[in-house]
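Scroll down for the structure; my scribbles are underneath it.
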Amino acid sequence: MPKYSLNDIIERSKRWLKHPYSRIAFIIFIAISLYLIVSAIIVVVLTKPEKEVKIPDVIGKRYADVHNSLIRKGLKPQLKFYDVHDIDNDIILRQYPEPGEIVSENSTIRLLVSRSNLTIDMPSVVGMELPFALNKLKNLHLYDKTISLRVGVISYIPSEKTADNVVIDQSPKSGEKIVLDRKVNLLVSSGSATQPVMPKVVGQSVDLCFPLLMSKKVFVSFTVLPTNDMAQSGIIAQVNPQEGQPLTEGQTVTIQVYYYEMKDKPYYAYERLKYTVPGDEGEGLYEVYVSDNKSKRLCYSQNLKPGNIIDCVFHRTGNARVYVMCNKKQVKVLSFDVEEFD
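The letter at position 160 of the sequence shown is residue 1422 when you use the working numbering, and the numbering goes up by one with no holes.
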């Protein structure tokens, strides 16, 4: 059998390509090869498996509370409203697909949501201490059912006539007919402006008392006390200075707050933030803001140096983003993502 060198093969290939039918055959071969390659790529892209999502159980939940979670899961809510008279507004009555079904990402979840024109006479909470006022708004009776009104903005102002943490005014006003999803804004006394004193906060939740303390123009330092009692989480155990002691502007007050660390976190929970100030951030006023499904609010404010530790407890509604600020500039964002559904 004759042997050919590489040069012989190249020369024979050139002579073969000079033949007109050979060139046509070669072009057809290249075209078919390109067609097969492109077709294979298209088939791979089109048949690529999509991410799968497990449908959560949202029946009985308020749609406003679960909307963001459904979007983050990769589901597209499609709403249909049903007029009711004996159910709260914005409650999910039915869903499709059923809970637990596996669907591809970007699938539609159809929800039947209550739309209530039920109204209630706004009760009066003026003159009540804030914790009692909030408890009253959460436990109102309408016909044979217990309902809750949502609280909007709570603002504090000094008052020479009204004691600390007592509601001065409210909106809507007492006696006004309101729908059940109307938010109630409260104006609360922060006590005397001429001689502020340490208010009564022991035994109350930190999320209610922190804004009151900040209205005294003081800094708040946390001491976190671990507890095995979940019901005590977020409750203030002790304060320094003691209740009734005078406060001065810029003073640092210390509050001891219980914290229960949970493995399975519910939709509403207290969280603990620990953050060490890096050496390259510098000295300044460090503030911590929490943004969740309820609102964006301040939960920590202290003058710190590099190496100091931010250690505080805050209340979370749904998933939360925590913003650490130094001299009003954002230096860190932390996530407290909670999977609300199974």
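Positions of the beta carbon are idealized from the N, C-alpha and C atoms, including for glycine.
Pairwise C-alpha distance: residue j and residue i
{"i": "Tyr1529", "j": "Leu1448", "result": "24 angstroms"}
{"i": "Leu1509", "j": "Leu1442", "result": "40 angstroms"}
{"i": "Lys1527", "j": "Glu1438", "result": "38 angstroms"}
{"i": "Thr1370", "j": "Leu1341", "result": "10 angstroms"}
{"i": "Val1584", "j": "Ser1295", "result": "55 angstroms"}
{"i": "Ile1409", "j": "Arg1356", "result": "21 angstroms"}
{"i": "Ile1591", "j": "Pro1420", "result": "Before going further, note that residue 1591 is Lys rather than Ile in the sequence given. Distance between the alpha carbons of Lys1591 and Pro1420 is about 29 angstroms."}
{"i": "Ile1349", "j": "Arg1377", "result": "8 angstroms"}
{"i": "Leu1560", "j": "Val1305", "result": "53 angstroms"}
{"i": "Ala1493", "j": "Thr1485", "result": "18 angstroms"}
{"i": "Leu1487", "j": "His1577", "result": "16 angstroms"}
{"i": "Ala1455", "j": "Gln1432", "result": "21 angstroms"}
{"i": "Tyr1562", "j": "Leu1373", "result": "39 angstroms"}
{"i": "Ile1321", "j": "Tyr1358", "result": "10 angstroms"}
{"i": "Pro1339", "j": "Ala1326", "result": "12 angstroms"}
{"i": "Ser1557", "j": "Val1446", "result": "14 angstroms"}
{"i": "Ser1597", "j": "Arg1334", "result": "14 angstroms"}
{"i": "Ser1495", "j": "Val1519", "result": "8 angstroms"}
{"i": "Lys1314", "j": "Ala1499", "result": "Residue identity check: residue 1314 is Glu in the sequence provided, not Lys. The straight-line gap from Cα to Cα measures roughly 46 angstroms."}
{"i": "Gly1541", "j": "Leu1535", "result": "19 angstroms"}
{"i": "Gln1507", "j": "Glu1545", "result": "30 angstroms"}
{"i": "Glu1363", "j": "His1329", "result": "19 angstroms"}
Residue i, DSSP secondary structure in three states
{"i": "Tyr1529", "result": "coil"}
{"i": "His1577", "result": "strand"}
{"i": "Tyr1522", "result": "coil"}
{"i": "Arg1356", "result": "strand"}
{"i": "Ser1331", "result": "helix"}
{"i": "Tyr1537", "result": "strand"}
{"i": "Asp1431", "result": "strand"}
{"i": "Lys1649", "result": "A question about residue 1649 goes unanswered here, because the residues of the chain that appear run from 1263 up to 1604."}
{"i": "Tyr1344", "result": "strand"}
{"i": "Ser1301", "result": "helix"}
{"i": "Met1476", "result": "helix"}
{"i": "Ser1597", "result": "strand"}
{"i": "Ser1295", "result": "helix"}
{"i": "Ile1409", "result": "strand"}
{"i": "Lys1423", "result": "coil"}
{"i": "Pro1393", "result": "helix"}
Environment of residue i [buried if 16+ CB atoms lie within 10 Å]
{"i": "His1347", "result": "exposed"}
{"i": "Ile1517", "result": "buried"}
{"i": "Met1460", "result": "buried"}
{"i": "Ala1531", "result": "buried"}
{"i": "Phe1343", "result": "exposed"}
{"i": "Lys1478", "result": "buried"}
{"i": "Met1524", "result": "exposed"}
{"i": "Pro1568", "result": "exposed"}
{"i": "Asp1645", "result": "Shown here, the chain extends from 1263 to 1604; a query on residue 1645 therefore has no answer."}
{"i": "Val1450", "result": "buried"}
{"i": "Ser1331", "result": "buried"}
{"i": "Leu1411", "result": "buried"}
{"i": "Ala1302", "result": "exposed"}
Rounded Cβ spacing between residue i and residue j (contact assumed at less than 8 angstroms)
{"i": "Asn1565", "j": "Phe1481", "result": "7 angstroms"}
{"i": "Leu1402", "j": "Val1413", "result": "Not really, about 13 angstroms apart at Cβ, beyond 8 angstroms."}
{"i": "Leu1470", "j": "Leu1392", "result": "6 angstroms"}
{"i": "Ile1572", "j": "Tyr1548", "result": "6 angstroms"}
{"i": "Ile1317", "j": "Val1365", "result": "6 angstroms"}
{"i": "Gly1465", "j": "Ile1497", "result": "7 angstroms"}
Beta-carbon gap between residue i and residue j smaller than 7 angstroms
{"i": "Val1429", "j": "Val1468", "result": "no"}
{"i": "Val1575", "j": "Tyr1521", "result": "yes"}
{"i": "Thr1514", "j": "Ser1553", "result": "no"}
{"i": "Gly1336", "j": "Asn1379", "result": "no"}
{"i": "Met1605", "j": "Ile1440", "result": "Lying before the first or after the last residue shown, residue 1605 is absent from the chain, which here runs from 1263 to 1604."}
{"i": "Asp1345", "j": "Arg1324", "result": "no"}
{"i": "Tyr1418", "j": "Ser1386", "result": "no"}
{"i": "Cys1588", "j": "Glu1543", "result": "yes"}
{"i": "Asn1570", "j": "Val1539", "result": "yes"}
{"i": "Ile1382", "j": "Leu1396", "result": "no"}
{"i": "Pro1361", "j": "Asp1319", "result": "yes"}
{"i": "Val1501", "j": "Tyr1537", "result": "no"}
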